[in-house]
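Residue numbers (my numbering): 90 to 223.
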Amino acid sequence: MSEAASSSPAWFRAEEPILFYYWTPEWIHAAYDLVPLEEPDRTEGCEDLKLDQEDWLEASTFTCKYDDERAYVAYPKSLEQRNPVVVGFLSQIKLDAGVIDEWILKIGRDNEDPQDVAEAWIKTNPDTVNDWVR
90 MSEAASSSPA WFRAEEPILF YYWTPEWIHA AYDLVPLEEP DRTEGCEDLK LDQEDWLEAS
150 TFTCKYDDER AYVAYPKSLE QRNPVVVGFL SQIKLDAGVI DEWILKIGRD NEDPQDVAEA
210 WIKTNPDTVN DWVR
């Protein structure tokens with residue numbers, strides 16, 4: 090058994106089907122070979138929350154998947170006046186959940202230095218970075 094497999098949780102080593110809920114982006118998706126369930130796309134009215142009721146969870150209905158969380162690049166509004174070129178660059182940055190999953194794994198779980206993670210990612214993704222600076 091590989092070191093990675095032996096240090097994995099028992100539920101993963103068992104190689105038995107398991108059903109659990111998790112969101113993206115998050116490190117677990119980068120750490121393990123997970124298979125998401127196929128769920129219906131979001132449509133108007135597919136989520137009916139009854140938050141005003143005491144038993145809101147039981148009374149609510151969900152007939153579609155939950156959208157991935159979004160990550161945003163934030164900057165102070167004043168930067169638009171002080172350095173519009175930087176704002177232009179920052180507004181071009183787009184990252185998919187898989188990239189963020191990997192960063193969370195390395196920085197959050199494995200305690201790697203964020204600077205090192207960023208530099209390694211930039212080195213292996215020059216086309217993406219070049220698209221941001223055009």
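Note that beta-carbon positions come from the ideal geometry of N, C-alpha and C, so glycine has one too.
Does the beta-carbon of residue i have 16 or more other beta-carbons within 10 angstroms, so that it is buried, or is it exposed?
i, result
"residue 146", "exposed"
"residue 103", "exposed"
"residue 192", "buried"
"residue 183", "exposed"
"residue 209", "exposed"
"residue 99", "exposed"
Mind reading off the beta-carbon distance from residue i to residue j? Whole number of angstroms is fine, and I expect it under 8 Å.
i, j, result
"residue 178", "residue 222", "6 Å"
"residue 114", "residue 157", "7 Å"
"residue 176", "residue 164", "7 Å"
"residue 121", "residue 101", "6 Å"
"residue 112", "residue 194", "With 8 Å as the limit, residue 112 and residue 194 do not qualify as a contact, their Cβ atoms being about 15 Å apart."
"residue 153", "residue 127", "Not a contact, Cβ separation roughly 12 Å."
"residue 189", "residue 160", "6 Å"
What is the residue span of the alpha helix (DSSP H) that residue i lies within?
i, result
"residue 154", "Run containing residue 154: none; DSSP gives neither H nor E here."
"residue 219", "215–221"
"residue 109", "Here residue 109 belongs to no alpha helix (DSSP H), and DSSP marks it neither H nor E."
"residue 147", "145–148"
"residue 117", "117–120"
"residue 99", "99–102"
If distances are taken between C-alpha atoms only, which option among the options comes closest to residue i?
i, options, result
"residue 139", "132, 133 and 148", "148"
"residue 181", "217, 110 and 169", "217"
Any alpha helix (DSSP H) of 4 or more consecutive residues that is wholly inside the region 165–192: Whole alpha helix (DSSP H) segments, 4+ residues: 168–171, 173–181 and 186–192.
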